[in-house]
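Counting from 4, one number per residue, gives the positions in the sequence shown under our numbering. Each residue gets a CB set at the ideal place from its N, CA and C atoms; glycine is no exception. A short worksheet on the structure shown next.
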Amino acid sequence: MVLTVTNSLKNAPAAFVPHEGNTVNWYCCGPTVYDDSHLGHARSYVVFDTIRRILVDFFGYHVNFVLNITDIDDKIINKAKALETDVDVIARYYEAKFFQALNKLNCLPPSSILRVTDYIPEIVSFIEQIISNGYAYESNGSVYFDLTKFKSSEKHEFPKLQVHSDLNSLEANDASGEKRCPLDFVLWKAAKPHEPFWDSPWGKGRPGWHIECSALSNLKLGNPIDIHSGGIDLIFPHHTNEIAQSEAFHDAPNVFLNFWHCGHLNIEGSKMSKSLKNFIAIDKILEERPIRMQVRSAAKKLLKIPDSKPLGMELMSVSDQMRQGLLDKFAIKLEDTAGSFTWKKI
């Protein structure tokens with residue numbers, strides 16, 4: 004018996020088997036910590052936590068689950084400016100609230116937590132290797148990924164994930180005179196006045212958004228990586244560019260063997276998101292009834308729809324009887340299939 008999950012690299016369900024032995028190396032994109040975590044985040048982390056438990060409790064795998072924390076980013080900087088406080092104060096406050104929310108949802112803690120600001124030298128070294136391999140260039144204190152060079156290599160293809168947006172229109176909006184091509188994306192951002200910075204061979208600056216996950220996943224898990232997961236909204240540009248960076252670093256394909264994505268949680272037809280300010284915080288949904296009852300109910304709701312499909316808030320108003328029986332039916336089905344299974348209730 005094997006676990007079958009939709010692999011976004013193949014755009015189809017695929018049987019999961021670790022690439023080596025009994026260990027599963029899994030990297031999951033964590034939050035950018037500038038606001039409260041919401042039900043959209045909860046859906047992703049509850050889904051992935053459930054799959055993780057199945058891999059451990061049912062299949063007997065050792066899962067090395069690595070989660071990053073983006074604690075330096077334009078959104079964090081802007082929030083700190085608006086509140087007239089330090090970037091680190093904002094990041095640490097919302098990071099703590101994020102893990103409190105995961106704990107309330109009874110999600111297992113990560114095996115490793117990697118904060119971007121703790122690994123700036125390693126990220127710089129990662130960028131240097133991409134430059135050395137010929138897939139990036141420095142321009143006016145910033146470093147950009149040379150997408151034209153990457154796409155011209157017989158070793159690589161771009162994009163490897165199915166992109167549901169117009170690459171040219173989205174990335175060209177970020178064009179500047181520093182780039183060789185409007186589609187090139189930043190690996191290292193030259194410092195702007197009054198913003199946090201770190202020293203690098205190219206001058207003072209900070210990492211771009213995509214490079215952090217490539218560098219941190221490689222640092223902790225090596226190559227290849229069994230599973231990379233995140234919200235479906237990260238497919239482009241984040242995961243698309245991340246795959247390219249990782250392959251450029253190794254100058255070889257197939258760094259990530261499985262990409263698993265969780266669908267949006269929609270509210271009134273739009274994706275629930277911090278940037279759209281249309282979210283319901285996890286704490287808010289848990290405050291009305293006893294925590295244990297709320298966690299059980301919320302988790303079952305969030306598992307109701309296939310993981311890669313969007314889930315509307317209106318579909319979460321199902322009867323208590325349906326919610327209560329969902330995971331029990333799941334356990335019974337597993338027991339009928341495999342002979343014996345013990346569900347660890349939350």
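For C216, no beta strand (DSSP E) encloses it; the enclosing alpha helix (DSSP H) starts and ends at W212 to L224. Residue pairing by DSSP leaves F101 without any beta bridge partner. For A194, there is no enclosing alpha helix (DSSP H), as DSSP marks it with neither H nor E. The shortest C-alpha to C-alpha distance from H231 to any of S11, G24 and W29 is the one to W29.
T243: member of the alpha helix (DSSP H) spanning T243 to H253, first to last residue.
For I80, the closest C-alpha among the options L268, R56, D38 and I126 is that of D38. If you look at L42, you'll find it in the alpha helix (DSSP H) that goes L42 to R56. Rounded to whole angstroms, the Cβ separation of H242 and W212 is 11 angstroms, and the two are not in contact under 8 angstroms. Between G33 and L224, the alpha-carbon positions lie close to 16 angstroms from each other.
When secondary structure is reduced to three states using DSSP, L108 falls in the coil class, being assigned neither helix nor strand. Straight through space, the alpha carbons of T53 and F129 are spaced by roughly 33 angstroms. Ranking D77, P185, N25 and R209 by CA distance to the CA of G63 puts N25 first.
By the CB criterion at 7 angstroms, S142 and E198 fall outside the cutoff. Separation of the CB atoms of I246 and S11 is rounded to 10 angstroms, and the pair is thereby denied contact status at 8 angstroms. A direct Cα-to-Cα measurement between F262 and M4 gives close to 21 angstroms. The region 72-90 and the region 44-61 do not touch, with fewer than 3 CB-CB distances between them shorter than 8 angstroms. Contact between the region 152-164 and the region 115-123 is absent, with fewer than three C-beta pairs closer than 8 angstroms. Judged by DSSP in its simplified three-state form, R95 adopts helix. Annotation: I238 is outside any beta strand (DSSP E) and is labelled neither H nor E by DSSP. Take I126, set aside five residues on each side of it, and the residues of its chain with a beta-carbon closer than 7 angstroms to its own are P210, I214, E215 and A218, in chain order. Of all alpha-carbon atoms in V8, K100, N71 and A15, the one lying nearest the alpha-carbon of A284 is that of K100.
Residue pairing of R209 in beta bridges, as defined by DSSP: K192. Three or more beta-carbon pairs separated by less than 8 angstroms link the region 245-260 to the region 130-138, which places the two stretches in contact. Under the three-state reduction of DSSP output, V90 falls in the helix class. Taking the CA atoms as reference points, C265 sits about 17 angstroms from F259. When DSSP reads this structure, N71 sits in a beta bridge with L117. For F153, the enclosing alpha helix (DSSP H) has its first and last residue at L150 to S155. Residues A251, F252 and D254 of the same chain have their beta carbon placed closer than 8 angstroms to that of N136, with the five preceding and five following residues left out of the count.
Looking at G43, L111 and V66, the one whose alpha-carbon comes closest to that of V20 is V66. Of the candidates L164, T120, C184 and G144, C184 places its Cα closest to the Cα of L150.
Of the candidates G233, A104 and R56, A104 places its Cα closest to the Cα of E290. Bridge pairing for V146: E141 and W191 [DSSP].
Looking only at F153, N106, W201 and A194, the smallest Cα-Cα distance to N244 is reached by F153. Our two residues, V146 and A94, have alpha carbons roughly 25 angstroms apart in a direct line.
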